[in-house]
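K.L.:
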Amino acid sequence: MSTVKLREKIGYGLGDAASSMFWKLFTMYLLFFYTDIAGLPAAAIGTMFLITRIWDAFIDPLMGVITDRTRSRWGKFRPYILFGAVPFGVIGVLTFLTPDFGPTGKLVYAYATYGLMMMVYSAVNVPYASLMGVMSPDPKVRTELSSYRMTFAFGGSILVLLLVEPLVEIFGKIQGPALPDTRFGWQMAAVVFAAIAVIMFFCTFAWTRERVKPIKETTNRLKDDMLDLLKNRPWWILLGAGIAAQIFNSIRDGSAVYYFKYYVEGTEGFRLGFIDASVSLTTIYLVLGQAANILGIILVTPVSNRIGKKMTYLWSMVGASVLSVVFYFLDKSDIGGMLALQFFISMCAGAVFPLLWSMYADVTDYSEFKTGRRATGLIFSSSSMSQKFGWTIAGALTGWLLGYFGFEANVVQSATAQNGIRMMMSLLPTAGTVLSVVFIAFYPLNETRLGSIMSGLESKRNQEKTQ
């Protein structure tokens with residue numbers, strides 16, 4: 007069996023670092039960018055998120071079907087990473103432009119660029135996610151690869167969160183320190199992140215390899231693949247658990263900037279004198295969360311090896327639920343409490359997503375064992391789809407809830423709006439973690455059953471070789 011060496015693990019991780027830079031910009035700053043920089047209504051952006059992301063979520067399975075049927079000298083999945091890298095970067099920059107089109111024109115532009123960005127994101131990220139399923143047949147190696155992926159993902163997120171405000175400030179002052187151009191600052195910050203992302207995607211393509219072949223190298227009928235998927239009970243369970251977990255993370259992420267700007271009403275952190283820029287309390291809070299995510303990822307492999315993936319997932323979500331409820335009762339002056347709870351909530355949440363990706367790889371093996379057909383791209387695209395659906399629901403809810411609570415950009419908020427923002431950081435997203443726990447409680451693929459499936463697949467592959 008071919009081993010996966012360190013450089014290849016790093017190369018695989020860099021792909022999600024690239025994706026996560028823009029994912030984090032979108033989840034934590036895009037709604038704020040549209041409301042406070044572009045001047046668009048929060049409720050209108052919530053509706054835009056719903057429409058564009060629902061459409062995009064259905065692109066993911068389509069990409070899965072396409073990649074499963076791809077034949078090239080680079081494999082099934084790596085070509086899409088190679089040829090999608092530059093469009094990903096270019097359209098990512100266009101998303102953060104604010105042309106002077108008037109309110110309606112700006113909204114139309116937001117629909118067009120964001121919708122296109124989500125399609126390109128799927129064209130790169132679905133093949134990237136599927137790649138893990140063919141890099142190694144070993145479930146433990148996949149968990150390790152997933153941990154590398156998530157570690158680099160959160161590393162990319164930290165890079166963005168640390169740099170975005172200083173870059174916006176630095177570029178905004180280029181045309182004159184007395185009157186900073188914040189819109190230009192956001193545009194140029196996006197250019198920097200896009201260039202880094204493109205380079206990382208190229209490294210992923212160059213440093214990874216596809217090794218796992220199906221029992222029979224045939225082109226499955228789409229109807230058969232879809233029927234296999236619909237009959238796959240573990241897949242349905244992971245789909246529900248993933249959507250619910252993403253709702254929890256996305257509502258909290260999307261509310262954080264508003265929480266500190268309009269509830270805490272003080273975002274001063276510290277100045278970086280050597281570059282004449284500052285890092286706000288919001289940035290400190292968000293970066294701390296990403297660092298805690300990484301700690302959760304580091305711990306997930308030894309913990310899941312000891313108690314199993316299912317139980318690790320379940321207890322992580324239970325912990326996040328309890329701590330999020332406690333978060334609601336913090337006073338606006340209790341910065342230490344906010345940071346402490348953010349750390350432990352994020353550590354719990356960080357453990358969940360590498361488990362999900364690894365469990366989807368296991369579900370792929372389960373499906374092949376049951377049917378004799380392997381549809382790696384289709385099954386992994388469903389994981390991306392679950393993230394998109396959760397992100398869609400949470401993004402729309404965040405915008406709508408801000409509108410419902412009476413939020414108005416760049417003014418002092420009412421007591422109702424402030425309390426609503428508090429609930430959006432604590433009580434409301436907890437519904438996602440509770441639902442995720444309910445789903446994962448019914449997940450049937452424990453370590454003993456997976457061992458049996460792997461042995462059966464290995465036996466079938468060996469028989470196929472001798473025929």
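In my numbering, the protein residues as written are 7 to 473.
A virtual CB, placed ideally from N, CA and C, is assigned to each residue, including glycine.
If you draw a straight line from the C-alpha of N416 to the C-alpha of T188, how long is it?
P.N.:
The straight-line gap from Cα to Cα measures roughly 14 Å.
K.L.:
For the stretch 74 to 87 and the stretch 194 to 211, state whether three or more C-beta atom pairs, one from each stretch, are separated by less than 8 Å.
P.N.:
The stretch 74 to 87 vs the stretch 194 to 211: in contact.
K.L.:
Got a sec? Which residues, its chain only, sit under 7 Å from M103 by beta carbon, not counting five neighbours each side?
P.N.:
With the sequence shown as reference, residue 103 is identified as Leu, and Met is not the correct amino acid for it. Correct list, in chain order: Q193.
K.L.:
When the Cα of P475 is compared with those of L441, D66, V444, P360, which residue comes out closest?
P.N.:
The displayed coordinates of the chain run from 7 to 473. Any statement about residue 475 would go beyond what the structure contains.
K.L.:
Roughly how many angstroms lie between the CA atoms of Q348 and V440, to the nearest whole one?
P.N.:
Approximately 18 Å between the Cα atoms of the pair.
K.L.:
Could you work out which residue in A297, F160, M125, M430 is closest to L31 when comparing CA atoms only?
P.N.:
Selected option, being the one with the closest Cα: F160.
K.L.:
Measure the C-alpha to C-alpha separation of L120 and T58 and round it to an integer number of angstroms.
P.N.:
The question names Leu, but residue 120 in the sequence shown is Tyr. Approximately 7 Å between the Cα atoms of the pair.
K.L.:
Going by C-alpha to C-alpha distance, which of L294, A250, I304, M323 sits closest to G438?
P.N.:
Answer by Cα proximity: A250.
K.L.:
Which of the three DSSP states is assigned to V285 in this structure?
P.N.:
In this structure, V285 counts as strand in the three-state DSSP scheme.
K.L.:
CB-CB under 6 Å to L433, same chain, minus the five flanking residues each way: which ones, in chain order?
P.N.:
So the qualifying residues of the chain are Y334.
K.L.:
With DSSP run on the structure shown, which of helix, strand or coil describes P93?
P.N.:
Helix, per DSSP.
K.L.:
In chain order, what residues of the same chain have a beta carbon less than 6 Å from the beta carbon of A24, not counting five sequence neighbours either side?
P.N.:
If we look at A24 and ignore the five residues flanking it on each side, its Cβ neighbours are A203, M206, F207.
K.L.:
Please classify F280: does DSSP put it in a helix, a strand, or coil?
P.N.:
Reliability of the predicted coordinates at F280 is poor, the pLDDT of 47 falling under 50, and the value obtained from them is presented with this limitation in mind. Three-state result, F280: coil.
K.L.:
If the criterion is Cβ atoms closer than 9 Å, does the pair V132 and I97 meet it?
P.N.:
No, they are not a contact pair.
K.L.:
Mind checking whether R148 and A357 have CB atoms under 9 Å apart?
P.N.:
No, Cβ-Cβ distance for R148 and A357 is not below 9 Å.
K.L.:
So is M7 buried or exposed if we call it buried at 16+ other beta carbons inside 10 Å?
P.N.:
No answer about M7 holds up, because its pLDDT of 43 lies below 50 and its placement is not dependable.
K.L.:
To the nearest angstrom, report how far apart I303 and S153 are at their CA atoms.
P.N.:
The alpha-carbon atoms of I303 and S153 are separated by roughly 6 Å.
K.L.:
Between the alpha carbons of V197 and L173, how many angstroms are there, rounded?
P.N.:
Each residue's Cα considered, the two are about 10 Å apart.
K.L.:
Report the start-end ranges of each alpha helix (DSSP H) in the stretch 158 to 226 that is 4 residues or longer and not cut off at the edges.
P.N.:
Taking only runs of at least 4 residues, the alpha helix (DSSP H) segments lying wholly in the stretch 158 to 226 are 188 to 213.
K.L.:
Quick check on F28: does DSSP put it in helix, strand or coil?
P.N.:
Note: F28 maps to helix in three-state DSSP.
K.L.:
Rounded to whole angstroms, what is the Cα-Cα separation between G457 and A326?
P.N.:
About 30 Å.
K.L.:
Going by the beta-carbon positions, is the gap between F445 and L301 smaller than 9 Å?
P.N.:
In this structure, L301 does not lie closer than 9 Å to F445 by Cβ.
K.L.:
According to DSSP, is M232 helix, strand or coil?
P.N.:
In this structure, M232 counts as helix in the three-state DSSP scheme.
K.L.:
Using the beta-carbon count (16 or more within 10 Å), is K146 buried or exposed?
P.N.:
So K146 ends up on the exposed side.
K.L.:
Exposed or buried, what is P435 when buried is set at 16 or more other beta-carbons lying within 10 Å of its beta-carbon?
P.N.:
Its Cβ being crowded by 16 or more others within 10 Å, P435 is buried.
K.L.:
Between which two residues does the alpha helix (DSSP H) containing D42 stretch?
P.N.:
No alpha helix (DSSP H) holds D42; DSSP gives it neither H nor E.
K.L.:
Tell me where the alpha helix (DSSP H) around K112 begins and ends.
P.N.:
Looking at the DSSP string, the run of the alpha helix (DSSP H) that includes K112 is 108 to 141.
K.L.:
Under three-state DSSP, which class holds T454?
P.N.:
It is helical.
K.L.:
Could you name each continuous alpha helix (DSSP H) segment of 4 residues or more that falls completely within the stretch 368 to 443, going from the start of the chain to the end?
P.N.:
Fully enclosed alpha helix (DSSP H) runs of 4 or longer: 382 to 410, 421 to 430.
K.L.:
Please determine, among A49, E216, Q181, M124, the residue with the shortest C-alpha to C-alpha distance to G412.
P.N.:
That would be A49, whose Cα lies nearest to the Cα of G412.
K.L.:
May I have the straight-line CA-CA distance separating V324 from P143, to the nearest angstrom?
P.N.:
Computed Cα separation, rounded: 31 Å.
K.L.:
Consult DSSP for F333 and reduce its assignment to one of helix, strand or coil.
P.N.:
Here F333 sits in helix by DSSP.
K.L.:
Given a cut-off of 9 Å, decide if G52 and W321 are closer than it, judged by their beta-carbon atoms.
P.N.:
The answer is no: Cβ separation not under 9 Å.
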